[in-house]
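*Asks:*
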Amino acid sequence: MWGVVDDSAEEPLAVLWGLFSRDDDLSWQHRALCSQTDPEAFFPEKGGSTRDAKRVCAACEVREQCLRWAIDHDERFGIWGGMSERERRRYKREHRERA
Numbered sequence: 313m314w315g316v317v318d319d320s321a322e323e324p325l326a327v328l329w330g331l332f333s334r335d336d337d338l339s340w341q342h343r344a345l346c347s348q349t350d351p352e353a354f355f356p357e358k359g360g361s362t363r364d365a366k367r368v369c370a371a372c373e374v375r376e377q378c379l380r381w382a383i384d385h386d387e388r389f390g391i392w393g394g395m396s397e398r399e400r401r402r403y404k405r406e407h408r409e410r411a
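Last residue of the sequence shown? That's 411 in the working numbering, and every number before it is there in order.
1) Taking C-alpha atoms, which residue in 358, 364, 359 and 357 lies nearest to residue 346?
2) Nearest by alpha-carbon distance to residue 338: which of 359, 349 and 375 is it?
3) Tell me whether residue 400 is buried or exposed, calling it buried when 16 or more other Cβ atoms sit within 10 Å of its Cβ.
4) For residue 390, which residues from the same chain have a beta carbon less than 6 Å from its beta carbon, with the 5 sequence-adjacent residues on both sides left out?
5) In whole angstroms, what separates the C-alpha of residue 344 from that of residue 357?
6) Use the C-beta contact count for residue 393: other C-beta atoms within 10 angstroms, 16 or more gives buried, fewer gives exposed.
7) When we look at the beta-carbon of residue 382 and count the other beta-carbons within 10 Å, is it buried (16 or more) or exposed?
8) Which residues in the same chain have their Cβ closer than 8 Å to the Cβ of residue 397, if we skip the five residues on either side of it in sequence?
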């Protein structure tokens with residue numbers, strides 16, 4: 313159920329992610345450009361601009377993994393893989409209809 317926390321871990325946050333995401337390979341998150349920017353850009357207030365976050369996503373090497381993670385986990389907040397929650401819902405609906 314719960315993993316053992318390694319006190320010698322270089323990145324404590326990575327250990328916490330491991331506790332809650334046992335079945336997920338989240339190593340891609342370390343290469344994500346958003347991890348080097350202001351997280352508030354990816355979680356704008358309602359009606360706020362998503363342009364800056366999407367610009368970062370467009371240049372990110374792990375954009376596809378990020379989007380897949382958000383879709384697989386029904387992430388309802390923020391910009392993930394260059395898409396807002398509304399865009400991800402539309403994407404899921406369109407791809408479900410094709411299947």
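The C-beta atom is built at its ideal place from N, Cα and C for all residues, glycine as well.
*Replies:* On the basis of the data shown:
1) 364
2) 375
3) buried
4) 354 and 355
5) 22 Å
6) buried
7) buried
8) 387, 388, 389 and 390
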